[in-house]
């Protein structure tokens, strides 16, 4: 008997290529468009590579994603940027055009801001920001996670000569948190500094910081070896992906061309 | 902040080795699906490139373990020294009933299963390979493994070659002309599948396999070597005193068989930048060669000899399908006529004064596309110094990206300019939407279905680029009539489901060759054209379609042997191989 690939294993490793292909096929089963499932799959992989635990985030979201109602995000244009209401949907899907909108506003107006309201897993916005920063701008992203201690996550993306420089911090606070994820796209890195200065209060306690070299090293390491994944998540993704497969019949076998009889006899 | 812009007017030129600007053939001609179905293997094909590299870098290949029983079942391990790098090629040979031997990807048993592994091999790794490699798609390997493959013995040739060797005779060359191999591979996996190392990792860490598909091609090359050693071994066990080994001339004429179906086609659509780049390299080679005017005695004699060799090669090629047979016969007639022309003093003088581009025009006008593509690759052989440097540039960044700031009207104009072939298709006609591509639940095998008679169209793979472009163009036109000054991003905010196709259109717009020009959902689609295009880049020969959906072919026939490589006498002249005369 051939056991399922992941049966009994506590962890398993998959290559980036097969993870990406599986994610695309699984997300396709959610009924989203090709561009969306491709972006979402790339987003999970990019988060994982840059050290932002994309797979763990997906694991917590997967069962909900399956049944989640995904209304189109509503965009409101306000004086200092955009307010995007995600209606409690995950940032994994549907936000690429909004980030592109923000990017276009950013280069037209020397900078653009957006608040993402009611947005689940806002970290999934990050890879789209990395993508636009590869075109030569800088960006910052800031969001809270609530718990016993509220944590502010800050990520700075700076356009480098060869690739985007990513640095991050996690700050603890007992103060009230704001529910929106904030994004700033700018051409001036000093804009990011002043934005962060306003954001990070003296009472906040720095819990974790990774500079761009650390993130780059993580990226290089994870990109050069297979990725560890929870077998149950892998099985769940495969199960989802199977929804995109068509049942095999005698007619369908002929649709692949070859004679179903043994060859050359 | 200035947005990065990749969209630009097409400049259809290439550079010579000295930087001189050379004209390229148009995308309308080169990327036409039917034209792609006429491509021939060339010096730039991955098999040729690989063998050249093995020779230049003095690779050494030796059996480290060869433990087969009297039926050839057991395991073998080959050690490969490629410069400072070490690899192992591990083969497991098992018993398989004749009626279980099947080319289909959905099969689950094979005569041979094998893996190409990076570095040294520990006993634990070997144990894991023994369990997982024979399972193929149902197994898991780690990222030391670069390639996973399987093969079956040829029912037409394997046993008969064993019998002849065991009775002290050489294999029947007439029989080998018809078959050309002892074993036939039915799948070759790499690029991160089933836990293997990703292509990007192979590219950056395995210098020996830094060009696309070179690791996969190498696995096939060693399979060919193993198949010869395997028949020799069985014959020797059968008749220790009488058995002979295969003469090197005949051994070189033994390739490795391959059966390829639709599984290869989606790659061409999923990797548009790579395919456009491969075509660009090939067309650059052509432009460089056609710009030469030094048609002297040596080069003309070389061309004449090659044309005669191709004629013999085609005559020795056995093809079951009538259409392919007719194409081969027409090609033989064309080349025979060309041979006569080349012997005429007036033609000879004209060629010497006008150069190779005149020859190409003559061939196109007189003999058509098949002959055109064939003569091109022969000209490549005359100028290795102009062609071979391009082999190191076959990989490319495949990232697709948007240009959201571009005016939508500009994007629509770009579609009308680059995708006029797609906009010309009337998708209201049922025949133009008749087929859909899907993945079967049987090993995810890609298949074609009839949209109007078969289930599963709702799970269609996004293979019909022409249809997607048409739909996107219609939406853009309508949107622009209401918002004439809008940008691409405005359109995507309203139609986010167009993100994928807009990203593709914009990303390919700066490339010379862009998308393959054909309607992949047309009732009369010939998927064989897609298979042939990709197989030509691999370098396969003896193209033998078994239907419009799958093809049998031969790899590495005529190539230098492992012994030739080990002794530094591997020659790079194995194009269009012909049967040896002993």
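Residue numbers (this note's numbering), protein chains in the order written: chain A, 309 to 573; chain B, 26 to 607. All C-beta atoms in this analysis are idealised placements derived from N, C-alpha and C, irrespective of residue type, glycine included. Keep in mind it's a predicted model, so treat the numbers as computed, not measured.
Check                                                                                                                                                                                                  : Outcome
Can you tell me whether DSSP reads residue 272(A) as helix, strand or coil?                                                                                                                            : No information on residue 272(A) is available, as it lies outside the stretch 309 to 573 that chain A covers here.
Does residue 32(B) have its Cβ less than 8 Å from a Cβ in chain A?                                                                                                                                     : With a pLDDT of 39 at residue 32(B), under the threshold of 50, the predicted position of this residue should be treated as unreliable, and no value is reported.
Flag residue 525(B) as yes if its beta-carbon sits less than 8 Å from any beta-carbon of chain A, otherwise no.                                                                                        : yes
To the nearest whole angstrom, what separates the beta carbons of residue 130(B) and residue 211(B), a pair I think is in contact under 8 Å?                                                           : 7 Å
What whole-angstrom Cβ distance do residue 377(B) and residue 320(B) have, given they're in contact under 8 Å?                                                                                         : 5 Å
If residue 324(A) and residue 223(B) are in contact, beta carbons under 8 Å, what's the gap, nearest whole angstrom?                                                                                   : 5 Å
Is any beta-carbon of chain A found at less than 8 Å from that of residue 222(B)?                                                                                                                      : yes
Roughly how many whole angstroms lie between the Cα atoms of residue 565(B) and residue 559(B)?                                                                                                        : 9 Å
Count the other C-beta atoms from every protein chain shown that fall within 10 angstroms of the C-beta of residue 493(A), then say buried if there are 16 or more, exposed otherwise.                 : buried
Compare the C-beta of residue 533(A) with all C-beta atoms of chain B and state if any pair is closer than 8 Å.                                                                                        : yes
Please report the residue range of the beta strand (DSSP E) in which residue 575(A) lies.                                                                                                              : Because chain A in this structure spans residues 309 to 573, residue 575(A) falls outside the shown range and cannot be described.
Among 450(A), 516(A) and 510(A), which one has its Cα closest to the Cα of residue 487(A)?                                                                                                             : 450(A)
Using a Cβ-Cβ cut-off of 6 Å (strictly less than) and excluding sequence neighbours within five positions of residue 572(A), which residues of its own chain qualify?                                  : The pLDDT assigned to residue 572(A) is 47, lower than 50, so where the model puts this residue is not dependable; a value taken from the coordinates is nonetheless given after this. Counting only Cβ-Cβ distances below 6 Å, and skipping sequence neighbours, we find nothing.
Could you check what DSSP says for residue 102(B) in three-state terms: helix, strand or coil?                                                                                                         : strand
What does residue 554(A) touch in chain B if you count any residue whose Cβ is under 8 Å from its own?                                                                                                 : 463, 464, 465, 466, 472, 474, 480, 481 and 484
Need the endpoints of the alpha helix (DSSP H) that residue 343(A) sits in, please.                                                                                                                    : 342 to 357
Locate the alpha helix (DSSP H) running through residue 325(A), then write down its first and last residues.                                                                                           : 324 to 336
Starting from the C-beta of residue 185(B), find all residues in its chain whose C-beta is less than 8 Å away, skip the five residues before and the five after it, and write them out in chain order. : 196, 197 and 200
To test your reading of the DSSP string, which unbroken alpha helix (DSSP H) runs of 4 or more residues are found completely within the stretch 465 to 511 of chain A?                                 : 497 to 507
Are the C-beta of residue 469(B) and some C-beta of chain A separated by less than 8 Å?                                                                                                                : yes
Rounded to a whole number of angstroms, what is the C-alpha to C-alpha distance between residue 127(B) and residue 520(B)?                                                                             : 46 Å
Would you call the CB atoms of residue 359(A) and residue 482(A) closer than 8 Å?                                                                                                                      : no
Please state whether DSSP places residue 9(B) in a helix, a strand or coil.                                                                                                                            : With chain B covering only 26 through 607, there is no way to say anything about residue 9(B).
Since residue 87(B) is in the alpha helix (DSSP H), which residue starts that stretch and which ends it?                                                                                               : Looking at the DSSP string, residue 87(B) is not in any alpha helix (DSSP H); the run it does join, the beta strand (DSSP E), is 85 to 93.
Between which two residues does the beta strand (DSSP E) containing residue 112(B) stretch?                                                                                                            : 110 to 118
So which residues on chain A does residue 218(B) lean against when the C-beta distance must stay under 9 Å?                                                                                            : 323, 325, 326 and 329
Less than 8 Å separating the beta-carbons of residue 610(B) and residue 76(B)?                                                                                                                         : Nothing about residue 610(B) can be read from this structure; chain B reaches only from 26 to 607.
Expressed to the nearest angstrom, what Euclidean distance is found between the alpha-carbon atoms of residue 508(B) and residue 226(B)?                                                               : 46 Å
Can you list, in chain order, the residues of its chain whose CB lies under 6 Å from that of residue 9(B), leaving out five sequence neighbours each side?                                             : The structure shown does not extend to residue 9(B), since chain B spans only 26 to 607, so no value can be given for it.
Using the three-state DSSP reduction, which class does residue 65(B) fall into: helix, strand or coil?                                                                                                 : coil
Can you list the residues of chain B that residue 409(A) reaches, using a CB-CB cut of under 7 Å?                                                                                                      : 514 and 518
Verify whether the separation of the beta carbon atoms of residue 514(B) and residue 412(A) is less than 8 Å.                                                                                          : yes
Could you tell me which chain B residues have their CB closer than 7 Å to the CB of residue 421(A), listed as they occur along the chain?                                                              : Simply none; closest approach about 15 Å.
To the nearest angstrom, report how far apart residue 547(A) and residue 371(A) are at their CA atoms.                                                                                                 : 12 Å
Could you check what DSSP says for residue 430(B) in three-state terms: helix, strand or coil?                                                                                                         : coil
Can you name, in chain order, every residue of its own chain whose Cβ lies under 8 Å from the Cβ of residue 462(A), other than the five neighbours on each side?                                       : 448, 449, 450, 476, 477, 478, 479, 504, 507 and 508
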